[in-house]
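Peer 1: Protein sequence lines, in the order shown, are assigned to chains Y, L and P.
1 is the number of the first residue of the first sequence in the UniProt record's numbering; add one for each residue after it.
1 is the number of the first residue of the second sequence in the UniProt record's numbering; add one for each residue after it.
1 is the number of the first residue of the third sequence in the UniProt record's numbering; add one for each residue after it.
Positions of the beta carbon are idealized from the N, C-alpha and C atoms, including for glycine.
This is the structure, below, for whatever I ask next.
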Amino acid sequence: MQQAARSTIKAAATNDEAIVQVRGIDKTYGDIEALRNVDLEFSRGKLTTLLGPSGCGKTTLLKIIAGLVPATAGEIRVNGRVVTGPGPERAFVFQDFALMPWATVMRNVAFGLELRGVNAAERKRIATHYIEEVGLVGFEDKYPHELSGGMRQRVGIARAFSVNADVLLLDEPFSAVDEQNRRKFQEDLLRLVDLEKKTFIFVTHSIEEAVYVSDRIVLLSPRPGRISQIIDPKIDRSASPDDIRRDPGYLNTVEEIWDGLRHYVD
Amino acid sequence: MSSSLKLIDVTGADKAPVNIGQALGRLFEKVPALWTLASLALLFGAWEIAGLVPISIAFPTFTSTVAAFVEMVLDGTMGHAYFLTLQPLLLGVAVSAVLGIVLGILMGLSLKAEWLLAPVFIVLQAAPMAALVPLVTFIYGIGLTAKTLAVIMLALPVIVLNSYKAVRHVNPSLVAMCRSFQGTRLQQIMKIIIPDASPVIFAGLRLGIAAGFIGVMLAELLITPTGVGDLITYHRSIANYAHMYAAVASIIVVSTVTLAALQWFEIRFLRPEKRKR
Amino acid sequence: MTIFGFRVPMMASLIVWAILWEIVGRLDLIFLIPPMSSIIETGVHLVQTNSWQNASIITLRSFAIGMALAIGIGVPLGILMGRFKAVDNLMGLWVNMFVSAPLSALVPVLMILFGLGETTVVVTVFLFAVWIIVLDARAGVMQVPPSLIEMGRSYGANGWVLFSKIILLSALPEILAGIRIGLIRGVKGVVIGQILVSIVGYGELFELFSRSFEMESFWALTIILFAAAMLLSALIETFEKRIEYYAGAR
């Protein structure tokens, strides 16, 4: 028996140690129903991906969890407390990087700390650590326009790490990055997940990316967005990146998800 | 052997007759300043020829205009005129800048302020405010206040509207970023909205200064015969056309240089991301 | 106030200002500000007078001729600058200079060259409007996506066809934007020209009203002028939106 050829499919998501709980979330924009009755739990220390075709409300759900967008109905709990807005236990990584063009890499990375009133020396110490961790040593005094798309998103990730949140929310962080850098990024992300022991909630529309990085994949169906399937890929993460991508478990999971999504396309 | 020789011959023959146009083109490409020189020469040359013809008795040559300019600089009349003209201009622009940026940002941040003020400034910007310049003399006579007010009337609307639009078009993703890191509203305004809006605000400031120059000249020609405007009117009245043209040309040059200097200052000191390293 | 739409309810605040004006006018604080109601009343009479109608015709004529010249010369020049580097290099400096120069200072020169009459006003309108038209036409031509030109070439278009069917049409939104700003500047030009010349059109009327302290007439004329300027820019904006409808896909 192939050790990783199985994927477990569950009807509902439950876990003993849920750090983020999504309860009956509805979201409507005017007449458009973006999300309908979403119930989900995200386990501590795991990377969970929200995956679905465009228009399935995955980014909306992430922004509701972040407290950036109010839900029409339902509630979000993080560490048991109800979310009413952004909080220090969550950090967001933006699809378009959201870097301040007038600030250096150092100031951008330390911006979350700056807003909290952390003193300059401490800010610099923490930011330096995370700049090193995402591999941007030597670029501290550069401005965002001097960096490639991939490097810019590393700044965005370092900024999210530097506020020491429990939950990192990543909104299609690699979609504006070219394919080669994307792969490198995915590998780096796995390394960071391992290193930082944080909970990651990750939004993507790439099936391969989702299967490659996730402990659990939540498939959303479009219009209105609902949970259609939850998949736990059983893949040996200790293998080399190339081996993982050739792993039958990886390939089968990709195929399985595609089967689930195929009928939403056109 | 023969073929390679022929090849060399062919290329040599191609290069041999030095095409002056091509050579000149290459030279111009290497030294862009030459284009500026050619551009200046074109207008000044045309001016000189038109003055020599002359196309009108009231059209002095370029050289006589320059001579008149030098004469006025040397005898101090030019300096004195600018001393008088720049006072209301600086004062008016300073007032317009402070008031305009504050109002514009307020309109960008508050829907109520927008509703109340935006239409007024939209009308004022599209409308020919110059029509109102004669009015200020009724209240403020012909002194510095009247001139300053004329500058403000023309400069304020464009500064307000640009600041307002700048704030309205701030990158929403940056604002969301600031919120996600629990930035307060004040932090959001000071650390994100104002820095992100500042290029457009600066552009408005430049437009405002250009409008201020129009305003101060209008005031000096129309209501208060002082400064550079007086220089123009006076020399026109005694048919001293070279001096008149020199005064007109000087104010256009001064305004252009001022605007260029402001842009240089902005890029050099305020916008690190636009600077080339 | 911004629940329905955007523009219409926002402009409603002008009514608030008009009422405020009326109150200030009624209080008789300064003779400069007569009540809005009497201004409107005077305005209704004013538009029936011969002097206003004549002045309007002269003003419109100067404006139309000046604008026609500005568009007729500005657009081709801008296109030339966009297509030919040499023209751009030679003219760029002057166009950029004059687009923000205090042209009001130039009007006295025009007055001695073209006389104290309509011609000076026409030239003033032209000078106020032409530079921005040139700059926007130039920008429009330069922004034509290279892929669009390559597409045209690959289907065998070149020379005139390529220019008229692809480059010109692709640059149209920018050209129109330039003409819109040019028209607004032209209105300012016609007013500044007439006020400085002060013996033609609205300039003469403004001079007359302010000399004889007829504030109601002065404000009525101003409001008519402002309304006309706003109407003009609103009209072009609607026209422009139609053009942008297809330009949006670029």
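Going by CA-CA distance only, name the one from Y:Ala-110, Y:Gly-138, Y:Glu-133 and Y:Glu-146 that's closest to Y:Glu-122.
Peer 2: Position 122 of the first sequence holds residue 122 of chain Y. Comparing Cα-Cα distances from Y:Glu-122 to each of Y:Ala-110, Y:Gly-138, Y:Glu-133 and Y:Glu-146, the minimum goes to Y:Ala-110.
Peer 1: Mind checking Y:Lys-63: buried by the 16 CB within 10 Å criterion, or exposed?
Peer 2: As a working note, residue 63 of chain Y is residue 63 in the first sequence. Its Cβ being crowded by 16 or more others within 10 Å, Y:Lys-63 is buried.
Peer 1: Is P:Met-151 buried or exposed, if buried means 16 or more other CB atoms sit within 10 Å of its CB?
Peer 2: In the third sequence, counting from the first residue as 1, residue 151 of chain P sits at position 151. When all chains shown are included, P:Met-151 counts as exposed.
Peer 1: Whole alpha helix (DSSP H) runs in the stretch 57-105 of chain L with 4 or more residues, listed along the chain?
Peer 2: Listed in chain order, the complete alpha helix (DSSP H) runs (minimum 4 residues) inside the stretch 57-105 of chain L are 62-74.
Peer 1: Determine, using beta carbons only, whether Y:Val-93 and Y:Leu-169 come nearer to each other than 8 Å.
Peer 2: If you number the first sequence from 1, residue 93 of chain Y lands on position 93. If you number the first sequence from 1, residue 169 of chain Y lands on position 169. Contact: yes.
Peer 1: Please list the terminal residues of the continuous beta strand (DSSP E) segment that includes L:Leu-205.
Peer 2: For the purposes of this step, residue 205 of chain L is taken as the residue at position 205 of the second sequence. Here L:Leu-205 belongs to no beta strand (DSSP E); instead the alpha helix (DSSP H) covers 194-222.
Peer 1: Does the distance from the CB of P:Arg-185 to the CB of P:Ala-129 come in under 8 Å?
Peer 2: Position 185 of the third sequence, counted from the start, is the residue given in the question as residue 185 of chain P. Position 129 of the third sequence, counted from the start, is the residue given in the question as residue 129 of chain P. Their beta carbons are under 8 Å apart, which means P:Arg-185 touches P:Ala-129 by this criterion.
Peer 1: Is any beta-carbon of chain P found at less than 8 Å from that of L:Pro-54?
Peer 2: Here the question's residue 54 of chain L lines up with position 54 in the second sequence. No, no contact with chain P.
Peer 1: In the DSSP output, what is P:Phe-218 paired with across the bridge?
Peer 2: Here residue 218 of chain P refers to the residue found at position 218 when the third sequence is read from its first residue. DSSP, once it has assigned bridges, lists no residue as partnering P:Phe-218.
Peer 1: Nearest to L:Val-98 by alpha carbon, out of L:Lys-191, L:Ile-139 and L:Ser-163?
Peer 2: As a position in the second sequence, residue 98 of chain L is number 98, starting the count at 1. Taking only the C-alpha atoms, the option nearest L:Val-98 is L:Ser-163.
Peer 1: If we cut at 8 Å on Cβ distances, does P:Met-230 have a partner in chain L?
Peer 2: As a working mapping, residue 230 of chain P is identified with position 230 in the third sequence. Output row for P:Met-230: interface = yes.
Peer 1: Got a sec, what are the start and stop residues for the beta strand (DSSP E) L:Pro-172 sits in?
Peer 2: Position 172 of the second sequence, counted from the first residue, corresponds to residue 172 of chain L. Counting along the chain, L:Pro-172 falls outside any beta strand (DSSP E), though it belongs to the alpha helix (DSSP H) covering 172-180.
Peer 1: Go through its chain and collect everything with a Cβ distance to L:Thr-233's Cβ below 7 Å, but skip five positions before and after it.
Peer 2: Locating residue 233 of chain L in the second sequence gives position 233, counting from the first residue. So the list reads Leu-221 and Pro-225, once near-sequence residues are dropped.
Peer 1: Under 7 Å Cβ-Cβ, which residues of chain L neighbour P:Lys-188?
Peer 2: Here residue 188 of chain P refers to the residue found at position 188 when the third sequence is read from its first residue. By Cβ distance, chain L contributes Pro-128 and Ala-130.
Peer 1: Specify whether the stretch 147-165 of chain Y and the stretch 112-129 of chain Y touch according to this definition: at least 3 beta carbon pairs, one from each stretch, less than 8 Å apart.
Peer 2: Judged by Cβ distances under 8 Å, the stretch 147-165 of chain Y makes contact with the stretch 112-129 of chain Y, as three or more pairs qualify.
Peer 1: Under the three-state reduction of DSSP, which class applies to L:Val-31: helix, strand or coil?
Peer 2: Counting from 1 along the second sequence, the entry for residue 31 of chain L is found at position 31. Three-state DSSP puts L:Val-31 in coil, outside helix and strand.
Peer 1: Would you report the Cα separation of P:Val-95 and Y:Thr-49, rounded to the nearest angstrom?
Peer 2: The residue labelled residue 95 of chain P in the question sits at position 95 within the third sequence. The residue labelled residue 49 of chain Y in the question sits at position 49 within the first sequence. Near 56 Å, if we compare the C-alpha coordinates of Y:Thr-49 and P:Val-95.
Peer 1: Look up Y:Lys-184 in the DSSP assignment and say whether it is helix, strand or coil.
Peer 2: Residue numbering aside, residue 184 of chain Y sits at position 184 when the first sequence is read from its first letter. Of the three classes helix, strand and coil, the one that applies to Y:Lys-184 here is helix, per DSSP.
Peer 1: Since Y:Gly-52 and Y:Leu-220 should fall inside the 8 Å C-beta cutoff, what is the C-beta to C-beta distance between them, to a whole number of angstroms?
Peer 2: By 1-based counting over the first sequence, the position of residue 52 of chain Y is 52. By 1-based counting over the first sequence, the position of residue 220 of chain Y is 220. Sure, about 4 Å apart at Cβ, within 8 Å.
Peer 1: Under 8 Å by Cβ, that's how I've got P:Val-16 and P:Leu-77 pegged, so tell me the actual separation to the nearest angstrom.
Peer 2: Start at 1 with the first residue of the third sequence, and residue 16 of chain P comes out as number 16. Start at 1 with the first residue of the third sequence, and residue 77 of chain P comes out as number 77. Going by Cβ atoms, the distance from P:Val-16 to P:Leu-77 rounds to 45 Å, so no, they are not a contact pair.
Peer 1: Whole angstroms is fine: what's the gap from L:Ala-126's alpha carbon to P:Ala-229's?
Peer 2: On the second sequence, residue 126 of chain L is found 126 positions in, with the first residue counted as 1. On the third sequence, residue 229 of chain P is found 229 positions in, with the first residue counted as 1. Cα-Cα distance, rounded: 6 Å.
Peer 1: If you measure from the CB of L:Glu-29, is any heavy atom of the ligand SAH nearer than 7 Å?
Peer 2: The model depicted lacks the ligand SAH and carries no ligand whatsoever.
Peer 1: With a Cβ-Cβ cutoff of 8 Å, do L:Gly-212 and L:Gly-92 count as a contact?
Peer 2: Numbered from 1 along the second sequence, position 212 holds the residue referred to as residue 212 of chain L. Numbered from 1 along the second sequence, position 92 holds the residue referred to as residue 92 of chain L. Cβ atoms of L:Gly-212 and L:Gly-92: closer than 8 Å.
Peer 1: Does the distance from the CB of L:Leu-149 to the CB of L:Gln-87 come in under 8 Å?
Peer 2: By 1-based counting over the second sequence, the position of residue 149 of chain L is 149. By 1-based counting over the second sequence, the position of residue 87 of chain L is 87. Their beta carbons are not under 8 Å apart, which means L:Leu-149 does not touch L:Gln-87 by this criterion.
Peer 1: Assign L:Ser-3 to buried or exposed, taking buried as 16 or more other Cβ atoms, counted over all protein chains shown, within 10 Å of its Cβ.
Peer 2: Stepping through the second sequence from its first residue, residue 3 of chain L is reached at position 3. Reliability of the predicted coordinates at L:Ser-3 is poor, the pLDDT of 42 falling under 50, and no value is obtained from them.
Peer 1: Of all the alpha helix (DSSP H) runs that stay within the bounds of the stretch 104-145 of chain L, which reach a length of 4 or more residues?
Peer 2: List check, alpha helix (DSSP H) in window: 111-126 and 133-140.
Peer 1: Going by CA-CA distance only, name the one from L:Arg-206, L:Ile-193 and L:Leu-109 that's closest to L:Pro-157.
Peer 2: The residue you call residue 157 of chain L lines up with position 157 of the second sequence. Among L:Arg-206, L:Ile-193 and L:Leu-109, the Cα nearest to that of L:Pro-157 is on L:Arg-206.
Peer 1: Listing by chain order, which chain L residues have their CB less than 7 Å from the CB of P:Val-200?
Peer 2: The residue labelled residue 200 of chain P in the question sits at position 200 within the third sequence. Those within 7 Å of P:Val-200 in chain L number zero; the least Cβ separation is about 14 Å.
Peer 1: Pair every Cβ in the stretch 79-88 of chain Y with every Cβ in the stretch 237-257 of chain Y, then say whether three or more of these pairs are closer than 8 Å.
Peer 2: Too few Cβ pairs lie closer than 8 Å, so no.
Peer 1: Quick check: L:Ile-101 and L:Ile-189, are their CB atoms within less than 8 Å of each other?
Peer 2: Position 101 of the second sequence, counted from the start, is the residue given in the question as residue 101 of chain L. Position 189 of the second sequence, counted from the start, is the residue given in the question as residue 189 of chain L. Going by C-beta atoms, L:Ile-101 is not nearer than 8 Å to L:Ile-189.
Peer 1: Mind reading off the beta-carbon distance from Y:Leu-136 to Y:Val-167? Whole number of angstroms is fine, and I expect it under 8 Å.
Peer 2: Residue numbering aside, residue 136 of chain Y sits at position 136 when the first sequence is read from its first letter. Residue numbering aside, residue 167 of chain Y sits at position 167 when the first sequence is read from its first letter. Actually they are not in contact, since the Cβ atoms of Y:Leu-136 and Y:Val-167 sit about 23 Å apart, beyond 8 Å.
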